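Under our numbering, think of the first position of the sequence shown as 1, with each following residue one higher.
Notes follow the structure.
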Amino acid sequence: MGKKGILLVNLGTPDSPKTADVRKYLDEFLMDGRVIDINPVLRTLLVKGIIVPFRGPKSAKIYKEIWTEQGSPLLIYGNNVRNAIAERLGEDYQVELAMRYQSPSIPDALERLKQAKVDSIKVIPLFPQYASASTGSVHQLVMEIVSQWQAIPSISFVNSYYDHPGMIKVFADNTRKYLDEGWDHILFSFHGVPQRHMRKADVSGEHCLKVKDCCKTLTENNKFCYSAQCHQTAKLIAEELNLSDDMYSLCFQSRLGNDPWMQPYTSDVLKELAGKGVKRILVLCPAFVADCLETLFEISFEYQEEFEELGGEKVQLVESLNDHPAWIDALEDIILNKN
Numbered sequence: 001m002g003k004k005g006i007l008l009v010n011l012g013t014p015d016s017p018k019t020a021d022v023r024k025y026l027d028e029f030l031m032d033g034r035v036i037d038i039n040p041v042l043r044t045l046l047v048k049g050i051i052v053p054f055r056g057p058k059s060a061k062i063y064k065e066i067w068t069e070q071g072s073p074l075l076i077y078g079n080n081v082r083n084a085i086a087e088r089l090g091e092d093y094q095v096e097l098a099m100r101y102q103s104p105s106i107p108d109a110l111e112r113l114k115q116a117k118v119d120s121i122k123v124i125p126l127f128p129q130y131a132s133a134s135t136g137s138v139h140q141l142v143m144e145i146v147s148q149w150q151a152i153p154s155i156s157f158v159n160s161y162y163d164h165p166g167m168i169k170v171f172a173d174n175t176r177k178y179l180d181e182g183w184d185h186i187l188f189s190f191h192g193v194p195q196r197h198m199r200k201a202d203v204s205g206e207h208c209l210k211v212k213d214c215c216k217t218l219t220e221n222n223k224f225c226y227s228a229q230c231h232q233t234a235k236l237i238a239e240e241l242n243l244s245d246d247m248y249s250l251c252f253q254s255r256l257g258n259d260p261w262m263q264p265y266t267s268d269v270l271k272e273l274a275g276k277g278v279k280r281i282l283v284l285c286p287a288f289v290a291d292c293l294e295t296l297f298e299i300s301f302e303y304q305e306e307f308e309e310l311g312g313e314k315v316q317l318v319e320s321l322n323d324h325p326a327w328i329d330a331l332e333d334i335i336l337n338k339n
């Protein structure tokens with residue numbers, strides 16, 4: 001029997017913080033029909049004519065702030081995790097890392113698995129909560145590529161692992177290291193998605209944003225809802241930390257465009273907390289398994305600056321799972337046991 005193939009996929013990163021490479025990354029990312037789900041002609045005009053030309057130089061400056069001598073933090077942690085998982089699983093497995101956008105690419109990773117003659121492929125997107133624009137996009141591209149193969153091995157996809165006990169415990173343990181420093185409030189800040197994505201994912205058409213507090217409880221109707229899974233992740237981490245409801249809030253960051261996204265927005269919550277006299281905030285970002293632009297810069301710099309302008313003092317980021325040994329334990333369990 002041949003090896004079992006494991007494909008780990010994260011969102012992506014530019015090849016360098018140079019403006020040309022950042023524009024190339026943004027172009028591939030934002031032209032994905034699951035990310036900006038509008039008429040293809042309008043999407044092309046918007047992305048190639050407005051967003052990429054103007055956002056590219058600004059984003060390049062931000063990427064330079066987080067870039068290390070070894071390269072992009074997201075890719076560094078991704079390679080570390082891939083190597084650790086490969087060592088754990090042993091010679092019966094071939095583990096590949098890919099990015100949905102840019103390098104290492106999904107087509108190249110799948111080709112390596114194909115050439116290794118693996119008997120099966122299991123795809124694990126490195127997004128704990130399912131969203132059409134992240135996990136859904138990964139699954140779609142993998143299926144499109146493999147559908148062209150003459151010999152298609154057994155393929156399985158992990159939808160989500162928002163409630164995995166091992167993952168929850170690592171986020172909680174990372175947070176415990178800061179709890180003695182005296183925080184007025186704890187924020188769970190998740191990456192935002194447009195509300196229309198939530199409505200499209202509601203098969204019933206009668207639940208999303210129509211039922212009061214529809215995201216706060218996970219049910220049969222919203223089990224694939226990104227927002228509901230985010231709420232469940234936050235709830236489980238809070239329970240692990242013995243946090244009462246008044247000690248933490250959930251919010252969504254990284255909004256793009258003027259359409260309504262999932263709320264409350266992180267900026268609005270910061271303003272509200274500052275208005276109540278809150279000075280010190282501890283922030284977790286459990287939508288990210290590795291620290292990246294959205295955590296290292298958006299939380300640690302942009303929101304810190306914004307909070308100070310509102311009268312606050314400190315926004316402290318809790319590091320993500322990165323290459324923590326306990327995260328490797330959890331990921332190994334997800335690979336071996338998660339359907």
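We put the beta carbon where it would ideally sit given N, CA and C, even for glycine.
All values derive from a computational prediction rather than experimental measurement.
Can you check DSSP and say which residues form a bridge with residue i?
{"i": "Glu319", "result": "Answer is none; Glu319 lacks a bridge partner."}
{"i": "Phe188", "result": "Leu250, Leu284"}
{"i": "Phe157", "result": "Val123"}
{"i": "Lys279", "result": "DSSP lists no partner for Lys279."}
{"i": "Trp261", "result": "Pro194"}
{"i": "Gly5", "result": "Gln94, Ile121"}
In this structure, does DSSP put residue i in helix, strand or coil?
{"i": "Ala201", "result": "helix"}
{"i": "Gly12", "result": "strand"}
{"i": "Phe127", "result": "coil"}
{"i": "Pro194", "result": "strand"}
{"i": "Ser105", "result": "strand"}
{"i": "Thr219", "result": "coil"}
{"i": "Gly71", "result": "strand"}
{"i": "Lys114", "result": "helix"}
{"i": "Lys314", "result": "strand"}
{"i": "Ala290", "result": "coil"}
{"i": "Leu209", "result": "coil"}
{"i": "Leu256", "result": "coil"}
{"i": "Asn39", "result": "coil"}
{"i": "Arg82", "result": "helix"}
{"i": "Ser244", "result": "coil"}
{"i": "Gly49", "result": "helix"}
Which first and last residues belong to the beta strand (DSSP E) in which residue i is found?
{"i": "Tyr101", "result": "93 to 101"}
Taking the Cβ atom as the reference point for each residue, do residue i and residue j lie within a distance shorter than 8 Å?
{"i": "Ser105", "j": "Ala116", "result": "no"}
{"i": "Ser320", "j": "Asp291", "result": "yes"}
{"i": "Val47", "j": "Met31", "result": "yes"}
{"i": "His191", "j": "Glu294", "result": "yes"}
{"i": "Ile334", "j": "His164", "result": "yes"}
{"i": "Ile121", "j": "Gly275", "result": "no"}
{"i": "Pro128", "j": "Tyr101", "result": "no"}
{"i": "Leu74", "j": "Asn10", "result": "yes"}
{"i": "Leu26", "j": "Gly56", "result": "yes"}
{"i": "Tyr265", "j": "His185", "result": "no"}
To the nearest angstrom, report how far apart residue i and residue j are at their CA atoms.
{"i": "Asp259", "j": "Pro194", "result": "7 Å"}
{"i": "Arg88", "j": "Glu332", "result": "8 Å"}
{"i": "Ser147", "j": "Asn339", "result": "21 Å"}
{"i": "Asn39", "j": "Lys279", "result": "44 Å"}
{"i": "Ala238", "j": "His139", "result": "30 Å"}
{"i": "Leu296", "j": "Leu317", "result": "8 Å"}
{"i": "Ile62", "j": "Gly71", "result": "14 Å"}
{"i": "Ile36", "j": "Arg43", "result": "7 Å"}
{"i": "Glu308", "j": "Ile85", "result": "41 Å"}
{"i": "Asp329", "j": "Ala172", "result": "15 Å"}
Can you tell me where the alpha helix (DSSP H) with residue i in it begins and where it stops?
{"i": "Met167", "result": "165 to 179"}
{"i": "Asp345", "result": "A query on residue 345 cannot be resolved here, the shown segment of the chain reaching from 1 to 339 and no further."}
{"i": "Thr233", "result": "226 to 240"}
{"i": "Asp329", "result": "325 to 337"}
{"i": "Gln140", "result": "137 to 146"}
{"i": "Val52", "result": "52 to 66"}
{"i": "Phe307", "result": "304 to 309"}
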